[in-house]
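Novice: The sequence shown begins at 0 in numbering that gives the first Met the number 0 and counts up by one.
Take a look at the following structure, please.
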Amino acid sequence: MHSDETILVTGGAGFIGAQLALELKERHTGKRVVALDNLKRRGSELNLKRLKEGGVEFLHGDVREMADLPEIVNLSLIIECSAEPSVLAGFGESPRYVIASNLTGAINCLELARKTSAAMIFLSTSRVYPLRPLCGIKLKEGETRFTVLPEQTLPGVSEAGISEAFPLEGARSLYGATKYAAEVFINEYAQMYGLRAIVNRCGVIAGPWQMGRIDQGIMALWISRHLFGGALSYIGFGGKGLQVRDMLHVRDLLDLVVYQANEIDKLKGHTFNVGGGVTNSASLYELTGLCRHVTGNSIEIRSAPEERPADIPYYVTDNTAVRQACGWSPRYSLETIVSDTVRWMRDNQEALRSILE
Ligand SMILES: NC(=O)c1ccc[n+]([C@@H]2O[C@H](COP(=O)([O-])OP(=O)(O)OC[C@H]3O[C@@H](n4cnc5c(N)ncnc54)[C@H](O)[C@@H]3O)[C@@H](O)[C@H]2O)c1
């Protein structure tokens, strides 16, 4: 990338977008980095000061409105991080916002890329994989977590996690559907207009500056409850907290995306599963143990055996493809994610108390 180029990060005041914009600015000092955000997510306003101090320009705008996406001169790359990122979005409420933001918004970003010949890195989600096959993975119930059995009937699943070969047919939540539909359009724009794009299907991303909510940002929520108090429940799958996720430190994701931004011509057309992998996986029950260990606090955790809509017992990323193509693997452990997040929460207690639900 040349120094007179501009990078646009949409959702650039969010958890990932803001840290990515700051990281890109730091690593490419001469370059202009613009963060666009409508500040819908509570707490994203706290990032504005950091963006300013880091030399990132902030643009208050909404990806749903094409008029808010300026045709910036020398725009070389759009990193699409804006979203309504909750898997529960649309349940018991209108689906309009999640559809307009995640799908129309992504298409508007594609239109901007088409008009300016910018490349795109799209932050997609593991939730593009449909619910029924995910719930059909054969699991064994252990003392503290579910584990994947060696014999599986579905493609793309093994003890190493879930790969890009996993089936894509079936319902997946409106969040997953809007992200998957955006991926479909990215492929069409690549085919029809020569768009250079990379798609990262991220599992759970965690770390400092995540404004955890009950419906999104589970790790931040779990940690903040241990620090500041409040109720937690093991919901679904027997109510014992055996469901498993892998978690990736946001810093690891930044390293990967910065690498991809520099290698877009080599990596264009790729879709990767990206996550913490088996080593960085934990059940909720195990996460509780880690939170107790790091914070020194114990809180009561209730049991609610009934599943929530769109919930799944197991998701762990198989990072083989991204490791082979990008030479990337997660560096930070689960314990580091928890201790870094605890430190950030303690340092920013006053500002965060009313934001972290
Ligand atoms: N955090 C995770 O665990 C995770 C996992 C998989 C994928 N992702 C994806 O990564 C991206 C970033 O997620 P995040 O965790 O930083 O979430 P976030 O909610 O912290 O950030 C998203 C940002 O987008 C902004 N936004 C929402 N609607 C907008 C709109 N219409 N126009 C402009 N800005 C808008 C919000 O204000 C927020 O600042 C999202 O695309 C999400 O789907 C995140």
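Idealized CB from N, CA, C, for every residue including glycine.
Just so it is clear, the structure is predicted and the values come from calculations on it, not from any experiment.
With hydrogens ignored, establish whether the beta-carbon of Arg93 is closer than 6 Å to any heavy atom of ligand 1.
Specialist: Position 94 of the sequence shown, counted from the start, is the residue given in the question as residue 93. A quick correction: the sequence has Ser, not Arg, at residue 93. No; taking the cut-off as 6 Å, the Cβ of Ser93 has no heavy atom of ligand 1 nearer than that.
Novice: Measuring alpha carbon to alpha carbon, tell me which residue in Ile6, Glu187, Glu64, Thr28 is nearest Phe57.
Specialist: As a working note, residue 57 is residue 58 in the sequence shown. Here the closest residue by C-alpha is Ile6.
Novice: Under 6 Å from any heavy atom of ligand 1, does the C-beta of Phe165 make it?
Specialist: As a working mapping, residue 165 is identified with position 166 in the sequence shown. No, the Cβ of Phe165 stays beyond 6 Å of every heavy atom of ligand 1.
Novice: At what residue ranges does the stretch 71-125 contain a whole run of the beta strand (DSSP E), taking only runs of 3 or more?
Specialist: As far as the stretch 71-125 is concerned, its whole beta strand (DSSP E) runs of at least 3 residues are 74-79, 118-124.
Novice: With distances taken from CA atoms, which of Ser43, Ala281, Leu19 is nearest Val337?
Specialist: Numbered from 1 along the sequence shown, position 338 holds the residue referred to as residue 337. Of Ser43, Ala281, Leu19, the residue nearest in Cα terms is Ala281.
Novice: Would you kindly work out how many angstroms separate the C-alpha atoms of Ile15 and Ile136, rounded to a whole number?
Specialist: Counting from 1 along the sequence shown, the entry for residue 15 is found at position 16. Counting from 1 along the sequence shown, the entry for residue 136 is found at position 137. Their backbone Cα atoms lie some 30 Å apart in a straight line.
Novice: From Ile234 to Ala303, what distance separates their C-alpha atoms?
Specialist: For the purposes of this step, residue 234 is identified with residue 235 of the sequence shown, where counting begins at 1. For the purposes of this step, residue 303 is identified with residue 304 of the sequence shown, where counting begins at 1. If you take the alpha carbons of Ile234 and Ala303, they lie about 5 Å apart.
Novice: Are the CB atoms of Leu68 and Ser111 within a distance shorter than 7 Å?
Specialist: Taking the sequence shown and counting its residues from 1, the one referred to as residue 111 is at position 112. Taking the sequence shown and counting its residues from 1, the one referred to as residue 68 is at position 69. The sequence shown places Leu at residue 111, not Ser. Yes.
Novice: With a 10 Å radius around its C-beta and 16 neighbouring C-beta atoms as the bar for buried, classify Arg307 as buried or exposed.
Specialist: Against the sequence shown, residue 307 aligns to sequence position 308. By the neighbour-count rule (16 or more Cβ atoms within 10 Å), Arg307 is not buried but exposed.
Novice: Just how far apart, CA to CA, sit Val243 and Phe165?
Specialist: Here residue 243 refers to the residue found at position 244 when the sequence shown is read from its first residue. Here residue 165 refers to the residue found at position 166 when the sequence shown is read from its first residue. Each residue's Cα considered, the two are about 18 Å apart.
Novice: Mind checking whether His248 and Cys290 have CB atoms under 7 Å apart?
Specialist: In the sequence shown, the residue the question calls residue 248 occupies position 249. In the sequence shown, the residue the question calls residue 290 occupies position 291. Their beta carbons are not under 7 Å apart, which means His248 does not touch Cys290 by this criterion.
Novice: Is there at least one non-hydrogen atom of ligand 1 closer than 6 Å to the beta-carbon of Lys39?
Specialist: The residue you call residue 39 lines up with position 40 of the sequence shown. Yes, the beta carbon of Lys39 sits closer than 6 Å to at least one heavy atom of ligand 1.
Novice: Going by Cα to Cα distance, which pick from Ala181, Cys80, Ser125 is closest to Val256?
Specialist: By 1-based counting over the sequence shown, the position of residue 256 is 257. Answer by Cα proximity: Cys80.
Novice: Which first and last residues belong to the beta strand (DSSP E) in which Ser282 is found?
Specialist: Counting from one through the sequence shown, the residue named residue 282 turns up at place 283. That run of the beta strand (DSSP E) goes 280-282.
Novice: Under 6 Å from any heavy atom of ligand 1, does the C-beta of Thr124 make it?
Specialist: Position 125 of the sequence shown holds residue 124. Answer for Thr124: yes, Cβ within range of ligand 1.
Novice: With DSSP run on the structure shown, which of helix, strand or coil describes Gln215?
Specialist: Taking the first residue of the sequence shown as 1, we reach residue 215 at position 216. If DSSP states are grouped into helix, strand and coil, Gln215 belongs with the strands.
Novice: Can you find the residues in the same chain that come closer than 8 Å, C-beta to C-beta, to Gln151, ignoring five residues on each side of it along the sequence?
Specialist: Sequence index remark: in the sequence shown, residue 151 carries index 152 (1-based). Here the set comprises Ile136, Lys137, Ser157.
Novice: Could you tell me how far apart the beta carbons of Val127 and Tyr179 are, in whole angstroms, since I believe they sit closer than 8 Å?
Specialist: For the purposes of this step, residue 127 is taken as the residue at position 128 of the sequence shown. For the purposes of this step, residue 179 is taken as the residue at position 180 of the sequence shown. Contact holds; Cβ gap of about 4 Å.
Novice: Measuring CB to CB, does Asn272 end up less than 7 Å from Arg200?
Specialist: Within the sequence shown, numbered from 1, the residue matching residue 272 stands at position 273. Within the sequence shown, numbered from 1, the residue matching residue 200 stands at position 201. In contact: Asn272 and Arg200 (Cβ atoms closer than 7 Å).
Novice: What is the residue span of the beta strand (DSSP E) that Ala34 lies within?
Specialist: Position 35 of the sequence shown, counting from 1, holds the residue named residue 34. First-last of the beta strand (DSSP E) with Ala34: 31-36.
Novice: Quick one: measure Cβ to Cβ for Asn393 and Asp61, integer angstroms, because I've assumed they're closer than 8 Å.
Specialist: Any question about residue 393 goes unanswered here, given that the chain covers just 0 to 356.
Novice: Could you tell me whether the Cβ atoms of Cys108 and Ile77 are closer together than 7 Å?
Specialist: Walking along the sequence shown from the start, residue 108 turns up at place 109. Walking along the sequence shown from the start, residue 77 turns up at place 78. Yes, these two residues count as a Cβ contact at 7 Å.
Novice: In whole angstroms, what separates the C-alpha of Pro129 from that of Gly202?
Specialist: Translated into positions along the sequence shown, residue 129 becomes position 130. Translated into positions along the sequence shown, residue 202 becomes position 203. Each residue's alpha carbon lies about 14 Å from the other.
Novice: Using alpha carbons as the reference points, say which of Tyr188, Ala181, Ser125 lies closest to Glu163.
Specialist: Here residue 163 is taken as the residue at index 164 of the sequence shown, counted from 1. Answer by Cα proximity: Ser125.
Novice: Helix, strand or coil: how does DSSP classify Ser332 here?
Specialist: Within the sequence shown, the letter at position 333 stands for residue 332. Ser332: coil per DSSP, three-state reduction.
Novice: Based on the DSSP secondary-structure assignment, which residues constitute the bridge partners of Gly160?
Specialist: Numbered from 1 along the sequence shown, position 161 holds the residue referred to as residue 160. According to DSSP, Gly160 bridges with Ser157.
Novice: Helix, strand or coil for Val55 per DSSP?
Specialist: Here the question's residue 55 lines up with position 56 in the sequence shown. Coil.
Novice: CB of Asp61 to nearest heavy atom of ligand 1: below 6 Å?
Specialist: Numbered from its first residue, the sequence shown carries residue 61 at position 62. Result yes, Cβ under 6 Å from ligand 1.
Novice: With hydrogens ignored, establish whether the beta-carbon of Val273 is closer than 6 Å to any heavy atom of ligand 1.
Specialist: Mapped onto the sequence shown, residue 273 falls at position 274. No - ligand 1 has no heavy atom lying nearer than 6 Å to the Cβ of Val273.
Novice: With the cut-off set at 7 Å, would you say Ile354 and Arg41 are in Cβ contact?
Specialist: As a position in the sequence shown, residue 354 is number 355, starting the count at 1. As a position in the sequence shown, residue 41 is number 42, starting the count at 1. Yes, the pair counts as a contact, with Cβ atoms nearer than the cut-off.
Novice: What residues in its chain sit with their C-beta under 8 Å from that of Arg113, if we drop five residues either side in the sequence?
Specialist: One-based indexing of the sequence shown puts residue 113 at position 114. The residues are Tyr188, Tyr192, Leu194.
Novice: Under a Cβ-count criterion, where at least 16 other Cβ atoms within 10 Å of its own Cβ denotes burial, should Thr316 be classed as buried or exposed?
Specialist: Numbered from its first residue, the sequence shown carries residue 316 at position 317. The residue is buried, with at least 16 neighbouring Cβ atoms inside 10 Å.
Novice: Could you name each continuous alpha helix (DSSP H) segment of 4 residues or more that falls completely within the stretch 168-204, going from the start of the chain to the end?
Specialist: Listed in chain order, the complete alpha helix (DSSP H) runs (minimum 4 residues) inside the stretch 168-204 are 173-192.
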